[in-house]
Structure formats: C-alpha cells, structure tokens
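A.B. asks:
Numbering (the UniProt record's numbering), first residue to last: 1 to 180.
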C-alpha cells in the first residue's frame, strides 16, 4: 500500500484534481466513472467497454480511508498511480497485442502484481472477468485487481499474525461480501 501525504502530491496532479473534483474537492463514484472512461477512450490499443458504476464503486471502497464514499486528493493520487501501474502490467502481458488478455496472459499479469493463485481460483477469475471469447479487457482486469486487493486486505485484517487462517462473525462476513 502506498503511503503518501498531501505534501507528496505534485503540483500538476493537484491542479488536475482541483479541475476534476470541483468545489467539494472530492471525486464521487459518478465523477470517477466519467474520468476513467474519458482517459481509457484515448488508449485505442485497449479493448474495453468502459468502467461500470459497480467497478467504480469498488475502487472508491478500496481507496476511501475516511468513509466519505468519495476520493480526496491523496486517495485519488494513490488510485491513479495504481491504475497507471496496472495499465503498464496489462500492456506488458498482452503478449499478442490483441487489446485483451488470454487466460495465460492473465495468469502472468496477476503474478507480476503479486497475486500467485492456484489453478482453481485462476479458472474462477477468468470465468468471472472474461468476455465470451475468453478475453479479459482492461476495465475487467482493473476490476479483478481491485477485488483481489480488497479481499486480501480484508483477510489480513482478520489474520493480523499472518497465520493463514481467519475467523469472522456474520456481521463481518456480510459487510465484506456487500461492500468488498
């Protein structure tokens, strides 16, 4: 997890954020969707049907540290850095330059971001995030990484000793499955 403060945010990014966020100086789920879909539309090499409201909600949930359901400057900077990094990973592992990832390319990409998953889970992920031709486009790749990061973060919060086991009550499970 990146640890940055407002002082670490570069002036150009700060100015861009002020223009995007408007008067309230926070980015809502709706604003995030508009921003990401405008940015992704400029990348003609990527196949995408755009970011959904649900995927943007998941991104806000992942990054929202203060519970505002909006992204402040630092939260948005961290998310922006993640998405830029994930774009580089996506391009690096789209070996055939199709604009989507095959199951094999997806496995390599996930491993390069730190997620070494067993075959069964990898099959579940591809089935969940791939289109009818078994290709994973960029927005679904990002959604997958957001989901994995959220799941691992939640698990670690229930397993502070790193034992590999976690116990949760019904309320924790419901909160995670509803919001995670």
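Where a beta carbon is used, it is the ideal one built from N, C-alpha and C, also for glycine.
Looking at the secondary structure, which residues open and close the alpha helix (DSSP H) in which residue 147 lies?
C.D. replies: As a working note, residue 147 is residue 147 in the chain shown. Residue 147 -> alpha helix (DSSP H) spans 138-158.
A.B. asks: Which whole runs of the beta strand (DSSP E) in the stretch 5-53 are 3 residues long or more, in chain order?
C.D. replies: DSSP runs (the beta strand (DSSP E)) wholly in the stretch 5-53: none.
A.B. asks: Could you tell me which uninterrupted beta strand (DSSP E) segments, each at least 3 residues in length, are contained entirely in the stretch 71-102, listed from first to last along the chain?
C.D. replies: As far as the stretch 71-102 is concerned, it has no whole beta strand (DSSP E) run of at least 3 residues.
A.B. asks: Quick check: the stretch 123-141 against the stretch 89-106, are at least 3 beta-carbon pairs closer than 8 Å?
C.D. replies: The stretch 89-106, when compared against the stretch 123-141, does touch it at the 8 Å Cβ threshold.
A.B. asks: From residue 40 to residue 154, what does the alpha carbon distance come to, in whole angstroms?
C.D. replies: Position 40 of the chain shown, counted from the start, is the residue given in the question as residue 40. Position 154 of the chain shown, counted from the start, is the residue given in the question as residue 154. C-alpha separation (whole angstroms): 29 Å.
A.B. asks: Assign residue 77 to buried or exposed, taking buried as 16 or more other Cβ atoms, counted over all protein chains shown, within 10 Å of its Cβ.
C.D. replies: Here residue 77 refers to the residue found at position 77 of the chain shown. Looking at its Cβ environment, which holds 16 or more other Cβ atoms inside 10 Å, residue 77 is buried.
A.B. asks: Once you ignore the five residues that flank residue 172 on each side, which residues in its own chain have a CB closer than 6 Å to its CB?
C.D. replies: Numbered from its first residue, the chain shown carries residue 172 at position 172. Once the five neighbours on either side are set aside, residue 172 has no close Cβ partner at all.
A.B. asks: Judging by CA-CA distance, which residue of 60, 70, 43, 63 is the nearest neighbour of residue 26?
C.D. replies: Locating residue 26 in the chain shown gives position 26, where the first residue counts as 1. The shortest Cα separation from residue 26 among 60, 70, 43, 63 belongs to 70.
A.B. asks: Using alpha carbons as the reference points, say which of 63, 29, 14 lies closest to residue 54.
C.D. replies: The residue labelled residue 54 in the question sits at position 54 within the chain shown. Residue 54 has its Cα closest to that of 29, out of 63, 29, 14.
A.B. asks: Restricting to Cα atoms, I'd like to know which of 119, 124, 116, 63 is closest to residue 79.
C.D. replies: Against the chain shown, residue 79 aligns to sequence position 79. Nearest of 119, 124, 116, 63 to residue 79, Cα basis: 63.
A.B. asks: Among 93, 7, 167, whose alpha-carbon lies nearest the alpha-carbon of residue 184?
C.D. replies: The structure shown does not extend to residue 184, since the chain is modelled only from 1 through 180, so no value can be given for it.
A.B. asks: What are the boundary residues of the alpha helix (DSSP H) that includes residue 120?
C.D. replies: Taking the first residue of the chain shown as position 1, residue 120 is located at position 120. Residues 119-129.
A.B. asks: Does DSSP put residue 176 in a helix, in a strand, or in coil?
C.D. replies: What you label residue 176 is simply residue 176 of the chain shown in a count that begins at 1. Here residue 176 sits in helix by DSSP.
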